[in-house]
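Take a look at the structure set out below.
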Amino acid sequence: MDAKTRDDLLQLFQSKLNRAMTYYLETCTRCGVCTTACHVYQSMPQAKYIAAYRAEIVRRIYKKYFKGQGKVWPSYGEAKELTEMALEELYEAAYSCTGCRRCMVYCPFGIDTQMIMSIAKLLLVGAHAEPEILTLLADTSIEKGKSIEFFKEGFLQGVKNLEQQVVEKWKLEAEGKTVIPVDVEGADLLYVALAGAHSIIPAAAVFNAAGENWTLSFFEAVNFGAFVGDPTKTKLILDRIVNEAKRLKVKEVCICECGTAYRVMKQLSGKQPFEVSSVTEVHARYIREGRIKLDKSRFQGPVTYHDPCQIARNGGILEEPRYILQHLTDDYREMAPDPRYNYCCGGGGGLVALGEETLDFRMKSARVKAEQVQKTGAAILATACENCHTQLENLNHHYKLGMNVQFLTSMVADALVI
Amino acid sequence: MHTIYYLVLVPMVYAAFAVFIVGSIVRMIKILRTPKHPTTLQIFPKKEPAWLHALSDTFLMPTVLKHNPLLWVFLVLFHGAVLLLVIGHLELFSDFALFQIIPHEVFIGKGLVGLTAAVSLLYFLFRRFTSPVRDISVAEDYYLLILLFLTVIFGSEMDWARRWYDYDVMGVDAYRTYLWSLITFQPQVPDEILFSGHSFMLVLHVFFANIFLMVFPFSKIMHTFFALPVNKLRRG
Ligand code: SF4
Ligand code: SF4
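Residue numbers (the UniProt record's numbering), protein chains in the order written: chain X, 1 to 418; chain U, 1 to 236.
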């Protein structure tokens, strides 16, 4: 690596060194308490999968360039130069971490390994060594935000086709009302979905059943910028939705079942004239207010729920899904030991978005998750995140769990009493 | 030889404290001047009040108790012992009514405090030599434990000699004279301290302690100051 490249990368590193990050980098005592926290380590006990080990890969570079000891006495903290080799190590560390922050529950200091890994991801972006597909996807999202007119026609046509399905399935009265409203100024709620019918159709059915004054966003919720760890792109992708919400003067932005999108929107959008909620929260609210009714006999067999890390541990939506499930089944099975310690599905941090390429690793690294799910003895495995759903389906297949993996929104929609 | 003793007992002590105090303060100020993280970093379920949980996380280490009880026992023993050792050293300056609430003879703990610290340090050290902790350890981790162990062992030996073997040449009064002279910047080392049979132990104790103080601000021992704010981040 030439000096110029290295300087540029160190500049990027520097940009990440805010107060919290510095605490995280300075405080670890390498006590090893986080060792058994990581599902990857639990499934494949190799040192490189220990949270502190991953973090130390970033920390060694930090010691080399941002601490005196790296210059005076590099071997003291085993400071490491930023080289091509180091980039490879950073890649391995960052893209075998799903950013679930389970290790943060274990650490006596609460060190956030996901955040430390965000340095690794940013350096990889800077060195053009990140998974290209993620950047490509992020760029597409941003492009779409810039030239919305260009996409509009196709999008509206797509929505028209979906409307038909909603009407057919739920036998809704379609007269005079748009089944999937788009671009409605003054709507109460802006629903941000994913590209995919399964994210729009059931949600539309529930909104309409609840008599919500809603409108569908032009944009898909998923934030590939966050997956690839590029703060600028993350913000650009986020802003498309923020701007749309402001333009339509909505009171609430409701994020579909996508963990990263929810956390980014909820925590990163700053103070806005609208509230941010997850579709799970909104559904729980409808039930509580009696705006929708669910038929408990719709689903047979015991049900368990997988807490998506970014929504539950990192987003705080823990009670709502359980409240919804009370209205869907009498046989709900909690995973052991408790939701706080829920294992990551193994698909976060962009791993599922990388598809086949990561499949083998995802299956091996999530063995403990498969076991955790199996122990519940449930027939239905519900979850509230696209990524988790894909990964759990893969696990279901790989470990022959014989489960019915469901989106919570779909279950709500299917059990609607109209 | 006595010149070296003197150098360790006077100028080096001043240097060590200067590095420790200035170093720690400068590093903290530098960190406090970096911008705050723009979003919350807490984990859920939320625990209220956050500051109380941050305090309990910091001082009681419930997560360690839950996931590694044996380590927790030694951590508590060790940190408790360190606290008592600090109190013990303060009492080598003069009597504090506050510390004498539980009446005791200076040095506090009948020699057992140092022993506890030394044993805990050995446990930490041996633990580091076994996987998986070994795999995440760097040189610093071993250096610091060895350095602390040496400091504690030589310090404790003087206490043990007085307590358990009735060695009485170097006593509390001599320490008080010496330490007072240091903080009043009129350094003077009493003969008992410089020329007695146990002087080399004291000098070694002070020597290692000086080194420890000098690396303190630049090492992971800064967790002493960071543990609370970093825990607060987790609790929101
Ligand atoms: S538990 Fe925390 S302090 Fe201990 S090794 Fe892991 S990250 Fe470091
Ligand atoms: S954030 Fe999750 S995947 Fe990453 S090191 Fe921690 S426990 Fe492992």
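Yeah, the Cβ is synthetic: ideal placement off N, Cα and C, and Gly gets one too.
Just how far apart, CA to CA, sit residue i and residue j?
| i | j | result |
| --- | --- | --- |
| PRO202(X) | LYS169(X) | 10 Å |
| ASN68(U) | ARG128(U) | 14 Å |
| LEU179(U) | SER199(U) | 15 Å |
| ILE119(X) | VAL228(X) | 11 Å |
| LEU121(U) | TYR343(X) | 33 Å |
| SER15(X) | HIS104(U) | 53 Å |
| ASP168(U) | ARG162(U) | 6 Å |
| VAL76(U) | GLU319(X) | 35 Å |
| VAL215(U) | ASP135(U) | 23 Å |
| PRO205(U) | CYS38(X) | Note on residue identity: the sequence assigns His, not Pro, to residue 205(U). Their Cα atoms are separated by approximately 41 Å. |
| GLU130(X) | LEU12(X) | 14 Å |
| LEU190(X) | GLY270(X) | 17 Å |
| ALA86(X) | ILE57(X) | 8 Å |
Determine whether the beta carbon atoms of residue i and residue j lie at a separation below 7 Å.
| i | j | result |
| --- | --- | --- |
| ASP331(X) | PRO308(X) | no |
| GLY315(X) | ARG263(X) | yes |
| VAL166(X) | ASP230(X) | no |
| SER365(X) | VAL40(X) | yes |
| GLY80(U) | PRO217(U) | no |
| GLY109(U) | SER156(U) | no |
| ILE87(U) | PHE78(U) | no |
| MET170(U) | SER196(U) | yes |
| THR280(X) | ILE317(X) | yes |
| VAL182(X) | ILE241(X) | no |
| ARG235(U) | ALA15(U) | no |
| ILE180(X) | ALA204(X) | yes |
| ALA284(X) | GLY225(X) | no |
| GLY186(X) | LYS249(X) | yes |
| GLU413(X) | THR304(X) | Strictly speaking, residue 413(X) in this sequence is Ala, with Glu absent from that position. The answer is no: Cβ separation not under 7 Å. |
| GLN114(X) | ARG102(X) | no |
| MET403(X) | ASN396(X) | yes |
| LYS64(X) | GLU84(X) | no |
| ARG54(X) | ALA79(X) | no |
| LEU134(X) | GLY349(X) | no |
| CYS34(X) | ALA52(X) | yes |
| GLU220(X) | GLU386(X) | no |
| TYR24(X) | GLU140(U) | no |
Going along chain U, which residues have a C-beta under 9 Å from residue i?
| i | result |
| --- | --- |
| THR29(X) | ASP141, LYS220, ILE221, HIS223 |
| ILE61(X) | The premise fails here: ILE61(X) is roughly 13 Å from chain U at the closest Cβ pair, so nothing lies under 9 Å. |
| ALA52(X) | ILE136 |
| TYR262(X) | Under the 9 Å cutoff, chain U gives no residues; its nearest Cβ is about 13 Å from TYR262(X). |
| GLU56(X) | ILE136, VAL138 |
What do you reckon, is the C-beta of residue i under 6 Å from a heavy atom of ligand 1?
| i | result |
| --- | --- |
| GLY32(X) | yes |
| CYS344(X) | no |
| PHE109(X) | yes |
| CYS28(X) | yes |
| ALA52(X) | yes |
Cβ of residue i within 6 Å of any heavy atom in ligand 2?
| i | result |
| --- | --- |
| CYS385(X) | no |
| GLY99(X) | yes |
| ALA204(X) | no |
| GLN114(X) | yes |
| ALA37(X) | yes |
| ARG102(X) | yes |
Give the interface partners of residue i over in chain X, defined as CB-CB distance under 8 Å, in chain order.
| i | result |
| --- | --- |
| LEU233(U) | ALA20, TYR23, GLY110, ASP112 |
| MET61(U) | PRO108 |
| VAL64(U) | CYS31, VAL33, PRO108 |
Whose Cβ in chain U lies nearer than 8 Å to the Cβ of residue i?
| i | result |
| --- | --- |
| ASN314(X) | ILE43, PHE44 |
| GLN267(X) | THR39, THR40 |
| GLU149(X) | Per Cβ cutoff of 8 Å: no residues; GLU149(X) is ~32 Å from chain U at best. |
| LEU318(X) | PHE44, PRO45 |
| THR358(X) | Neighbours of THR358(X) on chain U: none; closest Cβ ~24 Å, over 8 Å. |
| ASN47(X) | According to the sequence displayed, residue 47(X) carries Ala and not Asn. Simply SER131, PRO132, ASP135, ILE136. |
| THR36(X) | HIS67 |
Anything in chain X within Cβ reach of residue i, meaning under 7 Å, just list it in chain order.
| i | result |
| --- | --- |
| PRO229(U) | TYR23 |
| ASN68(U) | VAL33 |
| PHE226(U) | TYR23, GLU26, THR27 |
For residue i, is the beta carbon positioned less than 6 Å from some heavy atom of ligand 4?
| i | result |
| --- | --- |
| ARG27(U) | Only ligand 1 and ligand 2 can be found as ligands here, which leaves ligand 4 out of the picture. |
Note down, in chain order, every chain X residue with its Cβ under 9 Å from the Cβ of residue i.
| i | result |
| --- | --- |
| ASP57(U) | PRO108, PHE109, GLY110 |
(request) Note down, in chain order, all residues in the segment 99-116 of chain X with a beta-carbon under 9 Å from any beta-carbon belonging to chain U. (result) ARG101, MET104, VAL105, TYR106, CYS107, PRO108, PHE109, GLY110, ILE111, ASP112, MET115
(request) May I ask you to list, following chain order, the residues of the segment 136-155 of chain U that have a beta carbon less than 8 Å from some beta carbon of chain X? (result) Going along the segment 136-155 of chain U in chain order, one finds ILE136, SER137, VAL138, ALA139, GLU140, ASP141, TYR143 with a Cβ nearer than 8 Å to chain X.
(message) So if I threshold CB-CB distances at 8 Å, which residues from the segment 8-34 of chain X count as touching chain U?
(response) LEU17, ASN18, ARG19, ALA20, MET21, THR22, TYR23, TYR24, GLU26, THR27, CYS28, THR29, ARG30, CYS31, GLY32, VAL33
(request) Return the residues of the segment 22-41 of chain U that lie within a Cβ-Cβ distance of less than 9 Å from chain X, sorted by chain order. (result) ARG27, LYS30, ILE31, LEU32, ARG33, THR34, PRO35, LYS36, HIS37, PRO38, THR39, THR40, LEU41
(request) Using a Cβ-Cβ cut-off of less than 9 Å, list which residues of the segment 329-349 of chain X approach chain U; keep chain order. (result) PRO339, ARG340
(request) Could you list the residues in the segment 62-85 of chain X with a C-beta less than 8 Å from some C-beta on chain U, going in chain order? (result) Within the segment 62-85 of chain X, the residues whose Cβ lies closer than 8 Å to some Cβ of chain U are LYS67, GLY68, GLN69, SER75, TYR76, GLY77, GLU78, listed in chain order.
(request) Residues of the segment 117-135 of chain U with a CB closer than 7 Å to any CB of chain X: list them in chain order, please. (result) PRO132, VAL133, ASP135
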